[in-house]
Each structure stands twice: as C-alpha cells, then as structure tokens.
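Some notes on the structure that comes next.
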Amino acid sequence: MLTRSAFLSFFTGVLISIGTSAAADSVASAETVGQCMRENLPGQGASLAFGLRTHDRSGAFRETQGQAYYQRSTDGLVRLLLRVNAPDDVRGTAILLREAQDGEDEAFLYLPALARVKRLAGGSFSGPLLGSDFSVADLERIGGLAQDAQVSVLGESSFESRPVWVVSVRPQRSDAGVDRLVSYVDRETCLPLRTEFVDRGERVRKILSTPASAIQRHAGHFVPGEMHMFDLLAQTETHLVIHRVTVDPDLSEELFRAGALAKGEG
Amino acid sequence: MSGLPSPEDASLPWYRRPVVWLAACGLLSLVAVAGLVDLRTGAVKLRLEPALDKLLPRHHESREAYDALRDRFGNDDALVLVSDRDVFADPDHLRDLGRLSERLASLDGVSRVHSLANTPALAGSDEDVTLAALLAEVPEEPGELDALALRAARHPLVSGRLISRGGGRAAVVVELEAMDDEAFLERGLDRMVLEAAREEIRTGDIWLAGTPVVKAEMSRILVRDMATVIPAILVLMTVIAALVFRSVIGTWAPVACIAVAELWTLGVMGWSGHALNVITTIVPPLVLIVGFAYAVHLLSAYHRLEATEDPALRAWRALRHVAFPVLLTGVTTIAGFLSLATSHLEVIQEFGRFAAVGVAATQLATLLFLPAVLGLARPTRPTARLRTREVFDRLAERTGRFAVGRRRTIVALGLVAGIAALALATRVRVDTEIIENFAPEAPIRTSYEAINDALDGANPFTIAIEAETPGAFAEPAALRELVRLQDWLESQPEIGGTTSVADHVQLLHQAFSGGGADALRVPDSKALVSQLLLVGAGEEIDRLLDAPHTHATVEVRSRVTRSAALSALASRIERRLGELPAGFTGRVTGNALLVSRAADEISAGQVRSLAAAFVAIGAILCAYFRSVGIGLLALIPNALPIAIYFGALGAFGITLNNATALMGCVVLGIAVDDTIHFLVRFRRGWHEGRSAETSAADALMAVARPVTITTVALCAGLLLLTTSDLRTQAEFGAMGAFALAVAWLVDVLWTPALCASLDGFRREPGPARTAEPEPSPDPLS
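Those protein sequence lines, which keep their order, are chains A and B. For the first sequence, my numbering begins at 1 and goes up steadily by one. For the second sequence, my numbering begins at 1001 and goes up steadily by one.
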C-alpha cells in the first residue's frame, strides 16, 4: 500500500537528489544528516526529464525516456506523474501516484494503446518501475534516509575521495528482500553517493550509486545527473539519467487528475 | 632354489638395501600426501565434484547453448518444495506458506522464491487492475478460501506450477544464486530448505526436488561409498590374503601394497587439481582391486620360494620371477584404460588417465614397495604345501582334460554363446536413469515422484528462441507463434505444462482489458504488447524475455526422468522448432537435458573406446608374441566375455549408462591378463614341440590357481560396490564381477579348448625360434 511517507520518499528517491548547498555540520548525528537531506526536497514541486537504460544480465539493454512531475498541493498532499515519451511504442504510457487524506493512496496507470486509465488496486506497487531495476519500494526506502526516524549514523568516512557520512536506515516496512540500507551521504551535497540494500541475511541485494562527477547544481540545489542501480542477485543494472530539472515549476492541478492522463499523450 | 646368492643375484646388489627402497616409497608417499592435503591448513585438497553437466566438454554445443542461456537469463537451478496438505483448507496453512516463502528468500544462496505468497494475481475489472500477490491478504472465511483456491486453479501461471492441478498442494519454487555444486553442498542448502519447511509447515509430508538436490544427494552417496567401500575392500583383501597365504606377512603386505598404491594414485589426482566426479570416483576402489592381483602374484612367488636366512634375497628372487609378467599384464591393462582417452569427453579421458596412473602405481608398489617390505621380514620356515593347492591342481587337471577332450563342443558352444550374446546386445539401450539411480525407497526418489505427480513435472528444461530482428518478441505474431509452440508442447505426453512471455502478456491483456475471458489472448497491436511489457515487467518476465525483446525462452515442465526419453523428446521438439517462421531459431537446453546428454554421450562413446582398446591391446600382444596370429588369438577369448557382458545387459534390460559403459574397456584390460598368463605357457609348450592338446592342458594346470585366486579377489572387490545406494555404481560392480567371472570361465575352459584345436595350424613341428626371449614362468603355478 502506498502511504503518505511513501509518496514523499518516492519523490525523494527519484529526485533525491535535489539538495541545498547548506554546509553540514561536521559533527554528525542522525538529525544533522536527515535535516541536510530533507532540505534537498523542493518546496512546491519539480519537473525533470529522465532516461532509463535497463541492462539485462547479458548486457543487452532497452531504453525508456520520459518526464516526471512532482507537486505538493495546497493541502500538503503529494502527487507524482511519470509519463513516458520514448520509444514510440510506449509513448504516452503514464503512471500517476496520488496521496490521499485518508492514507489510502491511489495509483493510476494509463496505456495509450487501450486508451484507458486503470486504477492499480489491492496494494503495493512494488514491482519494477517501467521495467527497470528501480521499484517504488526501493525509492521509498531511499527516501527514508531523509525521513525515517530509524536512521543512525555509523560514522564518517570518505567515498570516491569525498568526505561522507555512513548512514544506516531500517525502512518502516522492511521485508526479507530489504531489511536495511547503508548509505554513504556526501557531506558537501547531502546526496547519497552509494546506497546498499541489505537483506535479512545480511546480503547486499542492490546497490544504488551516484557518480560524484555527474552531480550538477540547479537553482541552488545539487542534482545527481546520473544514478545507477545494480541488482546483484539478478545481475542486471539500470542507468537513470536526470536532466532538464526545474525546481518549483508552475504545474497545473489538472496534470495530476486521473481522468486527464490521456490528455498528456504525445 | 639355493639359499645362497647366485652370481646373477649378486650382480644386482641393490636388493640388499630394502630400507633405502622403503625410504624412497615413503618419500613418494609424502609427496602424495602433500598433493592430497594442504600441509599448512590440513584441508583436503582432493575435491569431489559430482556435477553431471560438467561431464560434457566445455566446447560441446549443448554446453555452450546452456551457458549462453544462463548468461542471458540467469541460473535455472531451482528447488521445488511441495507440502502434501491442502493449503486452502485452513488460513493458517496459507500463513505458514507466506512465512516459509519469506524465510526461504532470506537464506544465503537463495536468489528468489516463488509461491502463492508473491505471485501477482493479475486480475482486472472495468475500473481496476490488481497486480498484488494472490496471497496479499490471507482470507479467513471458508467461502473466501474457496474463492482463492478457484482463482489459483484458474491462474495459468499458478496451476500445475505453484499449486497442484485439481488439488491444494502448494509448491514453493526456490531459485538459487549462481553457485557451483560444491558450494551448494557445503552450504547444505537443500537441507536448510527442508529444515525451514518442517519448522514452518509442521504437519504432513514435505517433498523436495530439483536438479541441485539430485546432484547433492548423489555427491553425498559417493562420499559415503568411498568412505565405506574402500575400507571394506581393504578388509576383504586382507581376508583373502590371509586365506590364500596363511602367514602374517602374506596377509598384511599385499594390503599395505595396495594402500600405498592408492595413496600415490590419489596424490597424483590431488597434484593435478582433479576433482573426483561421478565417473572418476570409481578409480580408487578399482586401483585397490586391480592392484591386489599384482601383489598376489609377487606374494605367491615369495611364498613358493624356499625360505632363506636372507629375506632380501628371497624377495629379490620373487621379484625376478614376476617382474616381467606383472609389467606385461600391467601394460595391457594400462592400454585398456588409456584407450578411453579416445573419448572426446574430458571426464572419460580423465577416468582412463587416472585408472592408468592407478595401475602404474600398483605396479610400482608391487615391484618396489612390496619386495622392500618382504626384504625386511623376518626369515620364516618354508611354507607348507597347502591342501588348497592340491585341490586346485586336481581340479585344474580335470578341467584341462575336459576342455581338451571336448574342445570342439566347447569352442562351438562358446561361439554360439558369443553370437547369441551379440544378438542380445542389439537390445541394449543407451539410457541413464537419473532419478531411478536412487533406491526406490530413497526420500529423494519418493519426493521427486510425488512432485512429478502433483505438479506439471519435476524435470524442467528450457527452449531458447532467438529472433533475427531486435524487438521481435513485442510483435503479436511472434507471441502467437510462441502460443502455438506451447500448445504443441503441451500436447506431448511427457510435458505437463509450459510458460512463456506470451502467457504473461495474455494475462496482462486480460487484466487491463476488464478481466473478460475473451481478453485472455495476445493483443493485436505491437504498441499494446510493448506497453503491457513495460508496466508488467518483473522478475518472472525477465526470465522469459531479454531486455531488447530479441531472445525469449519457454519453460517446459516435463515428467520424463530417463535420459533416453528426455533426449527423444528433445529431438522431437528440435524438429518442431525447425518449423518456426523465418527469422526465428530455437533450441532445447537446460540443466536436466544437459545431464541426460552428458550421460548418453559417455555411453555412446564407449564403442569407440572399446575398439581402441582392442587395437591397442592387440598390438601389444602381437609385439610380445612376435606373431600376429597368436596376438589375435589372445584377443578372441577376451572378445567373448565382453560380448557376453553386453549380451547380458540386453538380456536383463540393464541400460548402457555412464557406469556400465565403462566396463567394456575395464574388463578387457583386466581379463586379458589371465589370457596372457595362459598363452605364455601354452606357447612355450607348443614351441617346444608338444601337441596343442598337451600344451593347453599343461598351461591350464599352471595358471588355474593364480587366475582363479585373482579373479575371486577382483570379483569380490567389485561386488562390494553393489552395496552402493546408487544403482549405476551397484551395476558397475555386479556386471563387472559377472564379466570377470565369465572371463575366468572362458580362460579355464574355452581358451584351452580353442588352443587345443590349433594342431592343424602348426607350420612346422619342433622348437620354435630359440632366440626369442621367454617370459619368466608364472610364479603362482
């Protein structure tokens, strides 16, 4: 079931990534790191273009490109729209996630070939996101780095020659697949440069990495230009490229209405 | 024989230094131990690797196709766990299943787990689509339970795969991380899975199957066999030696000799980095059995010599008596084993090489270690002539008379038996039973059979289909072709069910089209297929379709357990794959199929190896006897037991499998030894001008006892293998003993009868070429 925090986390996960340049205190605490990361989130919304390159274990790949829109409405509820632009066969496919007041979050899917909007019923949207190695659940867990209370700072270290906080977080909803995350949060940008998804058997199942060299700065926020998710068990990986980031754009409420999913096609 | 050194003895003073030779053997043994054990850590370096799939050469096309499949779609090794209780009878049963699925997923070495607990329902209505797991919420009411059971039974990806057809037996499919068999065995993953299942599902039977389980169990049995059979052979040989030689030194010295030879052989294996596999595990017991015969020859010579005050001199003389025949028979046995090197299967080549090394080691131990041990023995009184020897002599004399007197009948009967055996041999089938290799009551076999009955089949394999055009499998036409192929596959009696990406696309189409039954079909538009694959992608589809949608697989669940049936099915499928539209090619592969093909390759390749063995041994015999005629004559008595061996396989319905197929070369290599002993004697008498009849009777008289003793030892040793829980090992022992017994019968009856018939072929009477060196007389006579 998608939850309120899931929405926040989701967007934090996808966009993470937009961080302030606020200098972090060198005295690390969970609150310090969490604060640093929370301040990464845009206030009202954001939009960005993304490209997903999903490699199977043989190295062959497929690519998907699209646009993501995030909005926090006046009542504080979060909405997220992912719309696919390419390739042509899947152009117009859209996923809408809407946070609800009663906690019963909603997810809608639009397939242009059927010209129908379908509500995803009966639970979580934990499968692969657009066929990639990312799942909503993964992104939710990454988002937990900024929001979960169960964050603990394991220490300070360096990663790719950059000083980092080593953070461990136990997601609110852990399962056998992912029990906790270990993340190396860049002290300068507050972006997690590497996040390991650890299962109950203490195995690292997935690794999400953000090359420091690809970090860009937009309107005072740091943006990871690339993210790589490796599924160590499946031996697959997905490269996510983020570009054309706009922080707090003027997004219409209409954009996040289920019935309007078809209108954005094309 | 005098107790004093003769001038010939004195010319080789090295025999007087048995301690030096023993020290040399000790050094060799230390080197062997260093090959077997890491001296720093104490870890055993000689590994056991029971993987049958690795029996195929690395560059074999079946192996390459399988490796390519695994590279693209991952490890296809999976365990299937089934509980025999009705999972829909009680909500607690469903909760147990969910808990078990989660627990198994967290096991180290487990990649993914599939069960009702995490399989998407993929249902839809006009408004909604449900992607949640079938068991996302456990129903509590009986009506809800029934509804869930109905949904599961109607779910094409669940029924027969995760739930028994027409029943409520639930399965958990446990996919494994890529790991070799050794790692699987070390972790004991099958036992961990069973333990978890027994703790979570507390009632009813639990069955576990899967190729990794079979291989692990086979490995455990092989280790157990080695741990029991080898000591048992040593005990048996001790008993035989005690009965034959009736002395302390005669009892333990040959056993110590073969133990040392065994150590050297295993040391060579260890140094070479070889890992014992299902074929080469036969080498250690074989070395003990074959080596004992050589040691017996030397001990017999030693015991027959007059005891002297100088044990070293006595040992040297015994050695001088047996060195040549032991070397000659050893060379022919080695040739028999090395003929296996003609196989293009690396594992058979290894078996041949290491068996040859083992024979060489036994010879070295017999000619080096044993004389040294005997040289250090205390002087003993002359051995009394045993009553058994007299009994043997009388029997040999009567047998010789019988064989010579009725030679035509015996030769004719032998030929008739040979022809009949050849006719029966045509009924031999090349077939390796993988599951039937275990005892009928073995849990692994009963589990496998139960799962085979409960689900669509416990023996899965894969069809890999490649399209020339990238993205071809997003085309509706290609998916419909997959559906047609699946329909055809499921019409085959051996196949219980199949799964392909087309099944997923149809289900997704149905779910997104409102859930109507008529929508359970491949969509008409490529765009819709692509969109369904985009939003429905997941682990299940990733195993069936690659990222660019160019390679697809069809998972086939079959019920066949025998290699021949599986190969026949695969051939039929390959023919059907030939009918795929232009631009698509397919082939059958998978772990189970590879195992079957490996076993069949081993069996089928033995005809070539056996022919090579005949040629090699024939050439050695012709060279030794300096006569093509006698060389070939020596081969005939050995062709007969081999013909009878294969005839017996046909008559008793024993298949030519990876163990029984090896026996042809093994029997030829061993049995020819006795023939050589006989022919050496016969030829000497014949060349000295005696009649063929007399020469044959005398030769039999001379060799009957040693040939019988060594045959009894060989057969008894091989019969110990029948205690194995693996049918192929037991058959190897039983049929080997049978073949050697037949070879013995041929050597004491048919060979003398055949040789007694040779008078008409004598070119000129009188002594033959005197310049020709004669082998030493057989010391056992």
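All C-beta atoms in this analysis are idealised placements derived from N, C-alpha and C, irrespective of residue type, glycine included.
query: Taking the continuous beta strand (DSSP E) assigned at residue 48/A, which residues delimit it?
result: 45-55
- request: Could you check what DSSP says for residue 1262/B in three-state terms: helix, strand or coil?
  value: helix
task: Locate the alpha helix (DSSP H) running through residue 1452/B, then write down its first and last residues.
output: 1443-1454
message: Taking CB distances under 7 Å as the criterion, tell me whether residue 171/A reaches chain B.
response: no
query: In terms of alpha-carbon separation, which member of 1499/B, 1584/B, 1696/B and 1739/B lies closest to residue 1661/B?
result: 1739/B
query: List, in order along the chain, the chain B residues whose C-beta lies closer than 9 Å to that of residue 131/A?
result: 1533, 1534, 1535, 1536, 1537, 1538, 1541, 1542 and 1547
field: Member of 1710/B, 1318/B and 1314/B whose CA lies at the smallest distance from the CA of residue 1301/B
entry: 1318/B
message: Does residue 1215/B pass the burial test, meaning 16 or more other C-beta atoms within 10 Å, or should it be called exposed?
response: buried
- prompt: Does the distance from the C-beta atom of residue 133/A to that of residue 56/A stay below 7 Å?
  reply: no
field: CB of residue 1755/B within 7 Å of CB of residue 1692/B, strictly
entry: yes
Residue range of the unbroken alpha helix (DSSP H) whose run includes residue 1297/B: 1283-1304
message: So, for residue 1452/B: in the same chain, excluding its five sequence neighbours on each side, which residues have a beta-carbon less than 6 Å away from its beta-carbon?
response: 1458 and 1559
query: Should the stretch 1217-1233 of chain B be regarded as contacting the stretch 1105-1119 of chain B, the criterion being three or more beta carbon pairs within less than 8 Å?
result: no
query: Fully enclosed by the stretch 1380-1433 of chain B, which beta strand (DSSP E) runs are 3 residues long or longer?
result: none
- prompt: Considering only residues of the same chain and omitting the five flanking positions on each side of residue 1160/B, which have a CB-CB separation below 8 Å?
  reply: 1455, 1456, 1496, 1497 and 1557
- request: Pick helix, strand or coil for residue 1459/B, following the three-state DSSP scheme.
  value: strand
message: List, in chain order, every chain A residue whose beta-carbon is nearer than 9 Å to that of residue 1108/B.
response: 201, 202 and 203
- prompt: In chain order, what residues of the same chain lie with their CB nearer than 7 Å to the CB of residue 1085/B, ignoring the 5 residues before and after it?
  reply: 1093, 1203 and 1204
- request: Assess, as a yes-or-no matter, whether the stretch 1714-1724 of chain B is touched by the stretch 1216-1229 of chain B under the definition of 3 or more beta carbon pairs within less than 8 Å.
  value: yes
- prompt: Would you report the Cα separation of residue 962/B and residue 1674/B, rounded to the nearest angstrom?
  reply: Nothing about residue 962/B can be read from this structure; chain B reaches only from 1001 to 1781.
task: Below 8 Å on the Cβ atoms is my guess for residue 33/A versus residue 117/A; work out the distance and round it to an integer in Å.
output: Rounded, the Cβ-Cβ distance is 39 Å, inconsistent with contact.
field: Contact list for the stretch 1065-1093 of chain B against chain A, Cβ threshold 7 Å
entry: 1071, 1072 and 1074
query: Can you tell me the Cα-Cα spacing of residue 1187/B and residue 1180/B, whole angstroms?
result: 11 Å
- request: Could you list the residues in the stretch 1488-1512 of chain B with a C-beta less than 8 Å from some C-beta on chain A, going in chain order?
  value: 1512
message: Between the alpha carbons of residue 1126/B and residue 151/A, how many angstroms are there, rounded?
response: 42 Å
- request: Measure the alpha-carbon distance for residue 1040/B versus residue 1267/B and round it to whole angstroms.
  value: 16 Å
task: Determine the direct distance from the alpha carbon of residue 1687/B to that of residue 1707/B, and round the result to whole angstroms.
output: 23 Å
- prompt: residue 1152/B: which of 1577/B, 1123/B, 1732/B and 1447/B sits nearest, CA to CA?
  reply: 1123/B
query: Can you round the beta-carbon distance between residue 1369/B and residue 1356/B to whole angstroms, since I take them to be within the 8 Å contact cut?
result: Going by Cβ atoms, the distance from residue 1369/B to residue 1356/B rounds to 19 Å, so no, they are not a contact pair.
message: Does the CB of residue 1130/B have a neighbour CB from chain A at under 7 Å?
response: yes
task: Could you pull the start and end residues of the beta strand (DSSP E) that residue 1473/B belongs to?
output: Residue 1473/B -> no beta strand (DSSP E), and no H or E assigned at all.
- prompt: Using the beta-carbon count (16 or more within 10 Å), is residue 1378/B buried or exposed?
  reply: exposed
- prompt: Would a check of beta-carbon distances place residue 62/A closer than 7 Å to chain B?
  reply: yes
- request: May I have the straight-line CA-CA distance separating residue 1209/B from residue 1195/B, to the nearest angstrom?
  value: 14 Å
task: Starting from the beta carbon of residue 111/A, find every residue of chain B whose beta carbon is closer than 8 Å, and list them in chain order.
output: 1512, 1528, 1531, 1532 and 1535
- prompt: Whose Cβ in chain A lies nearer than 8 Å to the Cβ of residue 1177/B?
  reply: 233
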